[in-house]
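Each remark here refers to the structure printed beneath this line.
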Amino acid sequence: MSPADPTADALPRLYTDLADWYHLLTSPEDAREEAAFFLQQMTEALRATPRSVLDLGSGGGNLAWHYKREIPSVTLTDLSSQMLAASQRVNPELEHIQGDMRAVRLDRLFDAVLVHDAVCYLTTEDDLRAAMATAFVHCRPGGVAIFAPDSVRENFSESLESDGHDEPGRKLRYMMWTWDPDPSDATCVVDFSYLLHEEGRPMCTIYDRHVEGLFSRETWLRLLEGVGFGPTTVVPLIHSDVEPGTVELFVALKA
Ligand SMILES: C[S@@+](CC[C@H](N)C(=O)[O-])C[C@H]1O[C@@H](n2cnc3c(N)ncnc32)[C@H](O)[C@@H]1O
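Residue numbers (the numbering used here): 278 to 532.
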């Protein structure tokens with residue numbers, strides 16, 4: 278991806294020039310419970326632990342850092358070269374490939390395809406359909422694809438979260454405000470402010486807007502069926518930090 282690539286330019290700063298700070302915003306350890314839940318869903322759908330997983334939009338590789346212990350072959354893909362570099366630091370033994378989930382073609386089949394929160398960055402039905410088609414062509418017959426958007430239209434609610442981490446010489450704290458300026462369209466926004474603290478330097482504050490897709494459950498199911506998946510089960514995420522019923526995954530089987 279060249280710096281002139283318009284797709285790369287469209288990514289939030291967290292995934293480009295600030296990607297080196299990503300694991301101070303959310304660390305691999307933070308993903309333990311969610312990774313276990315996704316692995317359980319893949320295993321139940323396949324009736325066996327997957328032997329191979331393709332992760333589309335793998336970001337910092339936080340989920341993979343956990344599930345890789347159970348899965349012999351893991352391939353991580355992301356649009357951002359800087360995020361792939363961040364993931365490589367914590368998952369040096371895994372295969373990393375730069376690619377857009379709407380278009381990447383690896384000419385290989387996997388037991389399971391995982392499309393976690395990166396799918397939120399698709400803001401049109403055409404883009405969402407294209408990512409589903411990517412998952413479909415990489416899923417073996419009898420395989421499973423899991424799509425895990427942060428919200429669907431029906432369970433969206435405004436929220437505010439703050440957290441952060443320390444490492445020697447650097448600290449990050451953030452505030453993340455998720456809200457919907459226009460409930461009649463298929464997007465919401467996540468406004469971040471980051472406080473970056475580096476030893477010996479003045480505190481730096483950065484504002485970063487993430488525009489995310491927000492589609493109805495019916496839209497998700499219709500598009501998944503349209504690209505060939507079926508049946509698809511809507512599964513509520515069970516997680517100690519998540520109110521039951523507020524986040525759901527689409528577990529889509531390929532016949
Ligand atoms: C929140 S991070 C993903 C974190 C990941 N679930 C983890 O376990 O660390 C979101 C990622 O989506 C990626 N992304 C956004 N649009 C994408 C696209 N069209 N194709 C591939 N990756 C994309 C960003 O570059 C970013 O790395």
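Cβ coordinates follow ideal geometry from the N, Cα and C atoms, glycine included.
Chain C contact for residue i (CB, 9 angstroms cutoff)
i      : result
Tyr398 : Absence of chain C from the displayed structure is noted, only one protein chain being present.
Delimiting residues of the beta strand (DSSP E) encompassing residue i
i      : result
Gly420 : Cys416 to Phe424
Ala529 : Glu525 to Leu530
His516 : It is not in any beta strand (DSSP E) - His516 carries neither H nor E in the DSSP assignment.
For residue i, the three-state DSSP class (helix, strand or coil)
i      : result
Val351 : strand
Val511 : strand
Met453 : strand
Asp443 : strand
Gly503 : helix
Thr482 : strand
Glu476 : coil
His300 : helix
Leu291 : helix
Nearest-angstrom Cα separation, counted from residue j out to residue i
i      : j      : result
Val381 : Thr354 : 9 angstroms
Glu520 : Asn432 : 11 angstroms
Tyr484 : Arg450 : 12 angstroms
Ile348 : Thr326 : 7 angstroms
Ala287 : Thr400 : 12 angstroms
Ala363 : Val429 : 28 angstroms
Gly403 : Glu495 : Here residue 403 turns out to be Asp, not Gly, going by the sequence shown. When rounded, the distance between both Cα atoms is 15 angstroms.
Asp388 : Arg417 : 6 angstroms
Gln318 : Leu498 : 18 angstroms
Integer Cβ distance of residue i from residue j, believed to fall under 8 angstroms
i      : j      : result
Ala395 : Gly334 : 2 angstroms
Option nearest residue i by Cα separation, candidates the options
i      : options                           : result
Ala412 : Gly507, Pro369 and Ala313         : Gly507
Asp459 : Leu291, Cys397 and Val488         : Val488
Leu371 : Ser428, Val351, Leu361 and Leu331 : Val351
Leu500 : Met409, Phe315, Ser329 and Asp297 : Met409
Met534 : Phe492, Asn339 and Ser436         : Shown here, the chain extends from 278 to 532; a query on residue 534 therefore has no answer.
Ser358 : Val367, Leu472, Lys345 and Gly376 : Gly376
Residue range of the unbroken alpha helix (DSSP H) whose run includes residue i
i      : result
Ala362 : Ser358 to Val367
His343 : Asn339 to Tyr344
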